[in-house]
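Residue numbers (full-length UniProt numbering): 1 to 294. Each residue gets a CB set at the ideal place from its N, CA and C atoms; glycine is no exception. Only one structure is covered here, and it is reproduced in the block below.
Next up, the structure:
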C-alpha cells in the first residue's frame, strides 16, 4: 500500500469484520441469525474498539494482540474476537512494515502480494518472548471455550520462548497457530483462491465471503469445534460443509443457496457447534486482501 496510514489499516480491519458478519455463515453469528449467546452488535462493537490498538502504527505484534483483547473485554465483556485478533495483528503489522520498507525492484518485477507476504514472513520470524507473554496474557484474558492446559508453553505460565516457537508447538492442533508456523499459508491458498473464484463469477456481496468461509469449513477441521466438541464432531461438520460448498459453488445465482445455508446454520446452532476458526480465517483473508490491494 502506498500510504500506510493507521486509520486506513483500521478501516480495512473494520470493513473486513463487517463483511464477515453480513454473510450467512452456517454456525456463526451473522445478520440473518444470532447464536451461541452472542449478537451481531457484539461483533460490530468488538471490531470498532479493537481496531485502534490492533492497528496502532509500529506497535509490536504482542502489544497489538493484548491491547485489542483488553479493549474488547472492556467494551463487550465477551470473547468475540480472540482468533480474529491473533490472525490480524501480524497482518496489520506487515502493512506498516511494507510501507516503511518498500521493496526495491525493477518495473514489472514482483507484486503487491509478494511484498506483503515477504514483510509478514520477516515479522513472524522476528517475534520475541515478550510477544509471547503478551499473547499469553491476552488468551488468558479472553478465556476461550475449551482452553485446556499444555505440557509445553502453557499460556497460564510465564513465556519461555518466542511467540513463533509457541505457535509452532501448537500448530498441529490449532489452525490459528498453524498460520504463524506456515506464514499464513491457509489464508493465501484456501482463502485467497476461494475469493478469486467468487470474483471470477462476478458474485456480489456477501457471497464471496460465504465462498471463503465454506472453503475453510470444507477444507480443514475447525479448531474451535475440535477443541470444544472433539475431532469426531469436527469431521461431521467438515463432511456436511463439503456437500454444501459443492452445491453453493455450482449456483448461477448464489442467493438461491440462502435456504440451504440457513438450514445448516440452524442445525449447527441446535447442537452447539460453532465453526469459529473458519470465521476467524475468513476475516483474516478479507483483511489481507484489502491490505494487499490498497
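Asked	Found
Pull up the DSSP beta-bridge partners for residue 38, would you.	35
Considering just the uninterrupted stretch of the alpha helix (DSSP H) at residue 75, what are its terminal residues?	61-75
Return the residue from the list 79, 208, 144, 181 that minimises the CA-CA distance to residue 123.	181
Could you pull the start and end residues of the alpha helix (DSSP H) that residue 247 belongs to?	231-249
Taking the continuous alpha helix (DSSP H) assigned at residue 283, which residues delimit it?	276-293
CB residue 291 to CB residue 179, shorter than 9 Å?	no
Counting along the chain, where does the alpha helix (DSSP H) carrying residue 17 start and finish?	6-21
Who are the Cβ neighbours of residue 245 in its own chain at under 7 Å, not counting the five residues just before and after it?	214, 215, 218
Check each candidate in 243, 233, 250 and name the one with the smallest Cα separation from residue 272.	233
Using only the alpha-carbon positions, how far apart do residue 247 and residue 125 sit?	40 Å
Can you name, in chain order, every residue of its own chain whose Cβ lies under 6 Å from the Cβ of residue 163, other than the five neighbours on each side?	127, 131, 132, 135
Report the residue from 201, 187, 266, 75 whose alpha carbon sits nearest the alpha carbon of residue 281.	187
What does DSSP give as the partner residues of residue 30 in its beta bridges?	33
Could you tell me which whole alpha helix (DSSP H) segments of length 4 or greater appear in the segment 117-205?	129-142, 163-170, 175-181, 192-200
Rounded C-beta distance between residue 183 and residue 117? I'm assuming under 8 Å.	7 Å
Going by beta-carbon coordinates alone, are residue 78 and residue 42 separated by less than 9 Å?	yes
Nearest by alpha-carbon distance to residue 53: which of 115, 19, 47, 68 is it?	68
Assuming contact is defined by CB atoms lying nearer than 9 Å, are residue 173 and residue 223 in contact in what I supplied?	yes
Please classify residue 293: is it buried, with 16 or more other beta-carbons within 10 angstroms of its beta-carbon, or exposed?	exposed
Rounded C-beta distance between residue 289 and residue 159? I'm assuming under 8 Å.	That pair is no contact at about 32 Å.
Does the distance from the C-beta atom of residue 198 to that of residue 211 stay below 9 Å?	yes
Determine the DSSP secondary structure at residue 24, reduced to helix, strand or coil.	coil
DSSP three-state label for residue 264, please.	helix
What three-state label does DSSP hand residue 114 in the structure shown?	helix
Grouping DSSP H, G and I as helix and E and B as strand, with all else coil, what is residue 58?	coil
Would you decide whether residue 206 is buried or exposed? Buried here means 16 or more other CB atoms lie within 10 Å of its CB.	buried
Give me the residue from 225, 278, 266, 194 with the minimum Cα distance to residue 249.	194
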